[in-house]
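K.L.:
Residue numbers (the numbering used here), protein chains in the order written: chain A, 1 to 150; chain B, 1001 to 1120.
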């Protein structure tokens, strides 16, 4: 995807540079010819020196702008869903792959699973079992090993 | 617009909103200066120049819709009915007119620059 957008943009820039150069040359030629004509005919035609660009340069400019535009849109990063459920579903389904930027690295603001806190919380403590264990330990004459002797 | 209650029921991810807005703004700034180059080469003056900018900005938005919004929309509609623009933007005007005024200064800048360069 990325090389497509880059090559399209480069092609458009090439067209645009050519159109710019053509327009500049045309205006230079046209102004010198009208200057020569006006010096011959002694008319001041400076007002209408370069109002008419040749149609091929116009078309080339418009096409070049459109092509660069397509290239830039193709090169822009993917949009992200703004609704929480759609966004979280996308993360669940695609993981990091859905948030790659065009050069293959994961975006900096990728946060991972939004429900990570819920998924890693500890389970319930079996308090009865712990109490039973403690009672057995006391019955066996339990003095803690490391506990200070009174 | 969404009410408080609707926001509670279906919350919105602020990071994604910012990311989408930033993407659109960058794109519109870039393309606006590009349109300025085009308008300067064509030698447009006054209203035709701004009309050129308006038309090409709308074309850019349409391209964004076609290449970026539409694929996600198709993916979504297979899953659950209608959503369209609401998947990426809070309302559709954000896409169509959002970048129109941000890029205008860049457009005028390069427009005058290239008009002067070509017509010099």
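Ideal Cβ placement from N, Cα and C applies to all residues, glycine included.
Examine chain A for any beta-carbon lying closer than 7 Å to the beta-carbon of residue 1091 of chain B, and answer yes or no.
P.N.:
Taking Cβ atoms only, chain A never reaches closer than 7 Å to residue 1091 of chain B, which makes this a no.
K.L.:
Residue 29 of chain A touches chain B at which residues, Cβ-Cβ below 7 Å?
P.N.:
In chain order: nothing, as chain B lies at least about 13 Å away.
K.L.:
My assumption, with CB atoms under 8 Å, is that residue 79 of chain A sits in contact with residue 1069 of chain B. Please give the rounded CB distance.
P.N.:
At roughly 7 Å, the Cβ-Cβ gap stays under 8 Å, so residue 79 of chain A and residue 1069 of chain B are in contact.
K.L.:
Would you say residue 67 of chain A touches the ligand HEM, meaning its beta carbon is less than 6 Å from a heavy atom?
P.N.:
For the structure depicted, the ligand HEM is absent and the ligand set is empty, with no information on it obtainable.
K.L.:
Helix, strand or coil: which one does DSSP assign to residue 1012 of chain B?
P.N.:
Strand at residue 1012 of chain B.
K.L.:
Residue 82 of chain A CB to nearest chain B CB: under 7 Å?
P.N.:
With 7 Å as the cut-off, residue 82 of chain A counts as an interface residue toward chain B.
K.L.:
With a cut-off of 8 Å on the beta carbons, I'd call residue 81 of chain A and residue 1088 of chain B a contact; round off their distance for me.
P.N.:
With 8 Å as the limit, residue 81 of chain A and residue 1088 of chain B qualify as a contact, their Cβ atoms being about 7 Å apart.
K.L.:
Nearest CA to the CA of residue 1058 of chain B: which residue from B:1043, B:1010, B:1103?
P.N.:
Among B:1043, B:1010, B:1103, the Cα nearest to that of residue 1058 of chain B belongs to B:1103.
K.L.:
Establish whether the CB of residue 1028 of chain B and some CB of chain A are separated by less than 7 Å.
P.N.:
No, no contact with chain A.
K.L.:
Have a look at A:14, A:28, A:70, A:89 and flag the residue whose alpha-carbon is nearest the alpha-carbon of residue 4 of chain A.
P.N.:
That would be A:70, whose Cα lies nearest to the Cα of residue 4 of chain A.
K.L.:
Per DSSP, residue 83 of chain A forms a beta bridge with which residues?
P.N.:
Bridge partners of residue 83 of chain A: B:1012.
K.L.:
Using the Cα positions of residue 1107 of chain B and residue 121 of chain A, report the straight-line distance between them to the nearest angstrom.
P.N.:
Each residue's alpha carbon lies about 54 Å from the other.
K.L.:
In angstroms with no decimal places, state the Cα-to-Cα distance between residue 90 of chain A and residue 64 of chain A.
P.N.:
So the two alpha carbons sit approximately 36 Å from each other.
K.L.:
So, at 6 Å on beta carbons, what are the nonlocal neighbours of residue 1039 of chain B in its own chain, with the 5 sequence-adjacent residues on each side left out?
P.N.:
For residue 1039 of chain B, where only same-chain residues beyond five positions count, the Cβ hits under 6 Å are 1049, 1052, 1111.
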